[in-house]
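Quick notes on the structure that follows.
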Amino acid sequence: MLGEGEGEGEESNSYGDGIAWVRASMIGRGSFGRVYLATLRKPSSKGSSLPAVMAVKSAEVSSSASLQKEREVYTNLQRNPYIIQCYGDEITIGSSGTMAFNLMLEYGSAGTLARKISASGGNGLAESEAKLHTRSILRGLRHIHELGYVHCDLKPDNILLVPIRGAGGIRAKIGDLGLARRVSISKKRKLGVCCWEGTPMYLSPEAVTDHVQEAPSDVWAVGCIVLEMLTGKSPLKGKEELEILRKIGAGREVIEIPNGVSKEARAFLKGCFVRNSNFRFTCEMLLLHPFLQGLDDDDHAGVDQSAPFDHIESFALVYDDEFSTDSSSSSDGWSHGSESESDDAQFLSQENAPVEGF
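Counting in UniProt numbering, the sequence shown runs from 1 upward without gaps.
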């Protein structure tokens, strides 16, 4: 990401312009290359498949393998209203003769979710707003999983906010598919020495300990994002990378859910943070969770709001042996008296995290 003032004076023509678009200022950079704003040469031209303003990710052709893989992922995922749209790719030639591979993408003009959270000053977003963004993220992620992919790098920086009509005026969309992989490829990584990809503070336990990232790993990351929206901060922010990996791998007191979080939000987060990935909630289950019910719909791409949550209750009440083997314990695996009365924040750990949805 660009720091304040970074990118000023960058040669916007170093990679050249497209046939139908002109490269403008640089708005980001990463290991893949750079991101620029781009505008159409003829904004009022009828029949154009490109928007008036878009984001263009660019890299020299010789080092554009990751961008080309990302283009392939976008092609295979097709279009979805909750995933940043890809308009195609193009080779351009800069003023010095440099050939660049360019990926033309939808521009999130309202910024990233990370910036939105940061602007809250550590207070977090209103729960009503967090719910809308959570639903959008899950709808996009459900589509990714249904087509056999795992995102592998979900975090607020990779959730872009796009203005729309209705539903709060903003829609959260999943972007940055550069690390996305097919599930079959992700499974093969289990044999690797250290094969996880992504950002440490959003990694699931199985990604750290087993070096494998599948659909449940993305769900864990969703839980981290939701908690960050509600509290205004990441529970692992400021810790060293090795410390984060050690805590996640050990599975003890990794994710703290503050007492201020609502009961429904707490139950939702518990479903995301189940240590055993076999019992972690899926995107569909989370979309049916009471936490996300009763929201105004922004289109017809959602789940059936009338579908009961009861049909997964039997699954939700199954305990992972790692968490609880005591049949005399409370039916939800937590002390009912302490949830609202204790001043101490509760933690999800290897021993006490339940797999229930209420």
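C-beta: ideal position from N, C-alpha, C; glycine also. Remember, it's a predicted structure, so these values are computed and weren't measured experimentally.
Could you check whether residue j and residue i sit closer than 9 Å to each other, using their CB atoms as the reference points?
{"i": "Leu227", "j": "Leu269", "result": "yes"}
{"i": "Tyr82", "j": "His143", "result": "yes"}
{"i": "His145", "j": "Ala172", "result": "no"}
{"i": "Glu106", "j": "Met26", "result": "no"}
{"i": "Leu245", "j": "Pro290", "result": "no"}
{"i": "Ser66", "j": "Ser14", "result": "no"}
{"i": "Ser48", "j": "Lys42", "result": "yes"}
Report the rounded CA-to-CA distance for residue i versus residue j, giving the unit in angstroms.
{"i": "Glu90", "j": "Asn102", "result": "5 Å"}
{"i": "Ala250", "j": "Cys272", "result": "17 Å"}
{"i": "Ile248", "j": "Gly108", "result": "32 Å"}
{"i": "Asp17", "j": "Ser63", "result": "19 Å"}
{"i": "Ser217", "j": "Glu206", "result": "7 Å"}
{"i": "Asn80", "j": "Pro156", "result": "19 Å"}
{"i": "Arg139", "j": "Leu288", "result": "11 Å"}
{"i": "Asn158", "j": "Leu141", "result": "12 Å"}
{"i": "Gly232", "j": "Thr98", "result": "42 Å"}
{"i": "Arg29", "j": "Cys283", "result": "30 Å"}
{"i": "Leu37", "j": "Leu147", "result": "30 Å"}
{"i": "Ser234", "j": "Leu161", "result": "19 Å"}
{"i": "Leu230", "j": "Ala265", "result": "9 Å"}
{"i": "Ala126", "j": "Lys263", "result": "15 Å"}
{"i": "Leu203", "j": "Pro51", "result": "35 Å"}
{"i": "Leu286", "j": "Gly260", "result": "21 Å"}
{"i": "Leu242", "j": "Tyr87", "result": "39 Å"}
{"i": "Pro163", "j": "Ala110", "result": "7 Å"}
{"i": "Glu256", "j": "Ser184", "result": "32 Å"}
How is residue i classed by DSSP in three states: helix, strand or coil?
{"i": "residue 365", "result": "Missing from the structure shown is residue 365; the chain here goes from 1 to 358 and no further."}
{"i": "Ser64", "result": "coil"}
{"i": "Ala180", "result": "coil"}
{"i": "Asn259", "result": "coil"}
{"i": "Lys173", "result": "strand"}
{"i": "Arg23", "result": "strand"}
{"i": "Ala52", "result": "coil"}
{"i": "Thr209", "result": "helix"}
{"i": "Ala316", "result": "With a pLDDT of only 43 at Ala316, under the threshold of 50, the placement of this residue in the model should not be trusted; the figure read from the coordinates follows. Three-state DSSP puts Ala316 in a helix."}
{"i": "Val73", "result": "helix"}
{"i": "His300", "result": "For His300, the predicted model reports a pLDDT of 44, less than 50, meaning its position is unreliable; a value from the coordinates is still stated below. DSSP places His300 in coil when its eight states are reduced to three."}
{"i": "Ala265", "result": "helix"}
{"i": "Leu236", "result": "coil"}
{"i": "Lys270", "result": "helix"}
{"i": "Ser58", "result": "strand"}
{"i": "Tyr202", "result": "helix"}
{"i": "Leu40", "result": "strand"}
Going by DSSP, what residue range makes up the beta strand (DSSP E) through residue i?
{"i": "Gly88", "result": "Cys86 to Ile93"}
{"i": "Val162", "result": "Ile159 to Pro163"}
{"i": "Ala100", "result": "Met99 to Leu105"}
What is the residue span of the alpha helix (DSSP H) that residue i lies within?
{"i": "Ala114", "result": "Leu113 to Ser118"}
{"i": "Ile244", "result": "Glu241 to Ala250"}
{"i": "Leu132", "result": "Glu127 to Glu146"}
{"i": "Pro216", "result": "Ala215 to Thr231"}
{"i": "Asp287", "result": "A small correction: the amino acid at residue 287 is Leu; Asp does not occupy that position in the sequence shown. Cys283 to Leu287 is the extent of the alpha helix (DSSP H) around Leu287."}
Check whether the segment 117-126 touches the segment 271-288, taking contact to mean three or more Cβ pairs, one atom from each stretch, closer than 8 Å.
no
Contact the segment 64-76 vs the segment 18-26: 3+ CB pairs below 8 Å
no
Contact the segment 214-224 vs the segment 151-166: 3+ CB pairs below 8 Å
yes
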